[in-house]
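S.K.:
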Amino acid sequence: MFSLADHGICIEQEKLPLEDQISQTWFCGKYCKEIFIGLRSHVGTDNILDSDLSWSILRCNNDGQKLHSVQKIACLAECNMKLAVALTLLEECIIRMVDPRTGVDMIPHVLYNKGSNFARVDYQGFYTVILEKGDKILCVASIRVHGTKAAELPFIATSVDFRRQGMCRILMSIIEKMLCSFNVKMLVLSAIPELVSTWVSGFGFKPIEDAERKQLHNVNLMLFPGTSLLTKRLDGFIMATKPGAEKDIHEVSGVPNLKRMPNGKASEHFKLHDLDLSGTEFKAEVSVNGPFRTLKHECGSAAWFQSTKVWYINP
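When you line the sequence shown up against UniProt numbering, it's residues 1 to 315, in that order.
#1: Taking the beta strand (DSSP E) that residue 40 belongs to, which residues open and close that run?
#2: Just tell me which of 232, 40 and 95 has its CA closest to the CA of residue 176.
#3: Using three-state DSSP, classify residue 200 as helix, strand or coil.
#4: Apart from the five residues on each side of it in sequence, which residues of its chain come closer than 6 Å, Cβ to Cβ, to residue 217?
#5: DSSP three-state call for residue 233: helix, strand or coil?
#6: What separation, rounded to the nearest whole angstrom, lies between the Cα atoms of residue 60 and residue 126?
#7: Hey, is the stretch 108-119 in contact with the stretch 29-41, meaning 3+ C-beta pairs nearer than 8 Å?
#8: Among 212, 167 and 88, whose alpha-carbon lies nearest the alpha-carbon of residue 203?
#9: Tell me the residue span of the beta strand (DSSP E) that contains residue 209.
#10: Determine the direct distance from the alpha carbon of residue 96 to that of residue 84, and round the result to whole angstroms.
#11: Who are the Cβ neighbours of residue 46 in its own chain at under 7 Å, not counting the five residues just before and after it?
#12: Spell out the partners DSSP gives residue 123 in its beta bridges.
#13: Tell me which same chain residues have a C-beta within less than 6 Å of the C-beta of residue 9, skipping the five on either side of it?
#14: Pull up the distance between the alpha-carbon of residue 195 and that of residue 69, whole angstroms please.
#15: Kindly indicate which three-state DSSP category residue 321 falls into: helix, strand or coil?
#16: Given this structure, state the Cα-to-Cα distance separating residue 105 from residue 93, to the nearest angstrom.
#17: Leaving out five residues before and five after residue 146 in sequence, what residues of the same chain have Cβ atoms less than 6 Å from its Cβ?
#18: Are residue 137 and residue 159 close, meaning C-beta to C-beta below 8 Å?
#19: Enumerate in chain order the residues of its own chain whose CB-to-CB distance from residue 86 is below 8 Å, with the five nearest sequence positions on each side excluded.
#20: Distance check for residue 52 and residue 134, CA to CA, integer angstroms please.
#21: Just the Cα atoms here: how many angstroms apart are residue 221 and residue 230?
#22: So residue 93 is in the alpha helix (DSSP H); what residue range does that whole segment cover?
#23: Please classify residue 223: does DSSP put it in a helix, a strand, or coil?
#24: Which same chain residues end up closer than 6 Å to residue 121 when comparing Cβ atoms and leaving out the 5 residues on each side of it in sequence?
#25: With a threshold of 8 Å between beta-carbons, can residue 110 be considered close to chain D, or not?
#26: To the nearest angstrom, how far is it from the Cα of residue 317 to the Cα of residue 144?
#27: Under 8 Å by Cβ, that's how I've got residue 155 and residue 107 pegged, so tell me the actual separation to the nearest angstrom.
#28: Return helix, strand or coil for residue 186, following the three-state DSSP convention.
Printed below as a string of structure tokens:
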């Protein structure tokens with residue numbers, strides 16, 4: 001959900017008139033409204049890819065929105081079931097994160113797009129994007145779009161049984177193309193030191209520049225201690241498909257104006273760069289004054305440590 005606070009920058013810079021809907025969702029202009037409608041209209045829709053894969057956008061209905069049809073109620077029920085499975089996958093891969101001031105357990109609050117009066121833990125704008133094969137969820141990502149300025153991706157994780165098969169890359173390509181269709185200019189994520197080179201060389205991200213940092217100064221991003229903020233420009237990301245490449249592509253369906261992506265199974269490069277830290281466990285040095293508490297291992301895009309001192313433990 002887009003809140004008025006999310007669009008303060010747009011209102012100030014663009015001087016655009018506000019408009020609201022019955023749901024009390026506020027928009028600063030047509031682009032933000034298009035993004036909102038584009039995301040919401042695809043919640044719960046299965047988008048079929050090749051190789052028996054599909055992807056969909058999930059979101060919990062926390063807005064008090066009334067459902068007037070059996071179809072919508074069934075869609076909501078299915079979304080909730082898939083969100084529960086997605087939460088289990090994320091919690092298996094990413095250490096538990098608790099906000100020190102509010103006690104909020106961040107991962108489930110992000111996944112279920114929980115709102116708050118505190119901007120730091122207000123997660124209403126988050127959506128969950130999943131990649132499935134049959135009835136199995138292979139990969140999960142959490143995204144939040146801040147108008148056309150940027151989108152953030154704090155969490156992404158692949159099921160243990162499907163790592164090293166290019167699933168993370170397939171889901172990332174879908175997300176990037178979807179964001180491009182909404183004219184979003186930049187994708188932002190936090191990476192632990194051990195994964196910075198993978199995100200840079202394998203996925204086209206780069207360390208944030210000073211100019212970009214200034215652009216994002218007033219954007220409410222989830223930031224993680226001990227990680228590097230990386231960005232990827234999405235301007236002009238979608239290129240025309242080369243002639244003759246039709247046999248080695250997934251059709252990315254379900255979102256307007258999306259182009260195509262390479263077939264992950266056909267490329268060893270995909271397997272090489274699929275995120276997987278299954279053979280490594282990280283431990284944070286416990287600090288009495290550390291701002292966060294807890295605790296296990298990390299396989300997603302960011303890690304949450306009590307200290308920036310991290311070392312490997314042999315399994």
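All residues carry an ideal CB built from backbone N, CA and C; glycine is no exception.
M.R.: Answer, in terms of the structure:
#1: No beta strand (DSSP E) contains residue 40, which is instead part of the alpha helix (DSSP H) from 30-41.
#2: 232
#3: helix
#4: none
#5: strand
#6: 10 Å
#7: No, the stretch 108-119 is not in contact with the stretch 29-41.
#8: 167
#9: That residue, residue 209, is in no beta strand (DSSP E); it is neither H nor E in DSSP.
#10: 16 Å
#11: 54 and 56
#12: The partner list for residue 123 (beta bridge, DSSP) is empty, contrary to what the question assumes.
#13: Annotation note: pLDDT 44 at residue 9 (below 50); position unreliable, coordinate value reported separately. These residues qualify, in order along the chain: 218.
#14: 45 Å
#15: Missing from the structure shown is residue 321; the chain here goes from 1 to 315 and no further.
#16: 15 Å
#17: Answer for residue 146: 219, listed in chain order.
#18: yes
#19: Counting only Cβ-Cβ distances below 8 Å, and skipping sequence neighbours, we find 58, 111, 128, 130, 137 and 140.
#20: Straight-line Cα distance between these residues: approximately 7 Å.
#21: About 12 Å.
#22: 70-93
#23: coil
#24: Correct list, in chain order: 99, 102 and 104.
#25: Reference to chain D is not applicable here, since this structure consists of a single protein chain.
#26: Because the chain is modelled from 1 through 315, residue 317 falls outside the range shown and cannot be assessed.
#27: 7 Å
#28: strand
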